[in-house]
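Residue numbers (the working numbering): 41 to 262.
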């Protein structure tokens with residue numbers, strides 16, 4: 041029986057894809073870096089679900105730009121500033137997201153949002169779409185040493201359950217949209233639901249799959 045649900049944020053609950061691409065482009069431009077070239081050189085990389093700072097680092101490495109010319113932390117900070125502003129203007133709640141959170145809240149003991157985004161972004165998104173009351177705690181990019189596809193974020197979230205509740209790993213459901221997220225959850229030993237309209241190449245198969253959160257129902261997992 042599922043007793044806790046961990047939701048990913050980007051492209052699972054929130055559509056902020058345009059915000060992400062625009063913020064990256066603008067931040068790179070400020071540091072005189074060709075974003076299109078960086079994107080082209082990393083086109084075979086699967087960045088879905090990964091932390092922004094890890095994505096930026098990979099793209100700068102592909103361009104072979106020295107740290108002095110392109111300081112990673114400064115670029116990431118500028119991108120975050122731009123991104124958060126864009127989120128308030130362009131981000132959208134995905135179909136079925138609110139209803140899925142409500143069903144998880146009613147049907148389990150704990151609901152968390154576990155994201156590769158910063159805590160500031162997670163809190164902003166939850167507040168903007170009035171979702172805070174459905175979420176018991178959050179885990180963000182800076183709460184762990186390694187981002188997805190490593191399992192750290194889901195291990196951290198599970199550890200936050202343990203002091204208060206005797207919930208086993210097979211009683212935790214992770215809701216994700218990416219192959220990297222599936223790998224992170226599975227490596228952490230948790231159950232995984234992949235929600236995606238797009239057919240993805242998966243090295244590790246999820247326990248369940250849906251095309252939309254509009255189909256989400258706790259009865260599917262119990």
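By construction, the Cβ of each residue, glycine as well, lies at the ideal position given by its N, Cα and C atoms. In this text, all values refer to a predicted model and were calculated from it rather than measured experimentally.
Just to confirm, is the Cβ distance from residue 67 to residue 118 under 8 Å? Result yes, Cβ atoms of residue 67 and residue 118 sit closer than 8 Å.
Kindly confirm or deny that the segment 174–181 and the segment 147–156 touch, where touching means at least three C-beta pairs closer than 8 Å. Taking a cut-off of 8 Å on C-beta distances, the segment 174–181 touches the segment 147–156, as three or more cross pairs fall below it.
Distance, residue 129 Cα to residue 164 Cα: Near 12 Å, if we compare the C-alpha coordinates of residue 129 and residue 164.
Under the DSSP definition of a beta bridge, which residues are partnered with residue 190? Answer is none; residue 190 lacks a bridge partner.
What did DSSP end up calling residue 223 once you bin it into helix, strand or coil? Residue 223 falls in the helix class under three-state DSSP.
Counting only the same chain and skipping the five closest in sequence on each side, list residues whose C-beta sits under 7 Å from that of residue 81. Cβ neighbours of residue 81 beyond the five flanking positions: 102 and 103.
In the DSSP output, which residue or residues are listed as bridge partners for residue 249? Beta-bridge pairing links residue 249 to 234.
Go ahead and pull the three-state DSSP assignment for residue 178. In the structure shown, residue 178 sits in a strand (DSSP, three-state: E or B).
From this set, 44, 252 and 241, which residue's C-alpha is nearest residue 146's C-alpha? Looking at the Cα atoms, 44 is the closest of the given residues.
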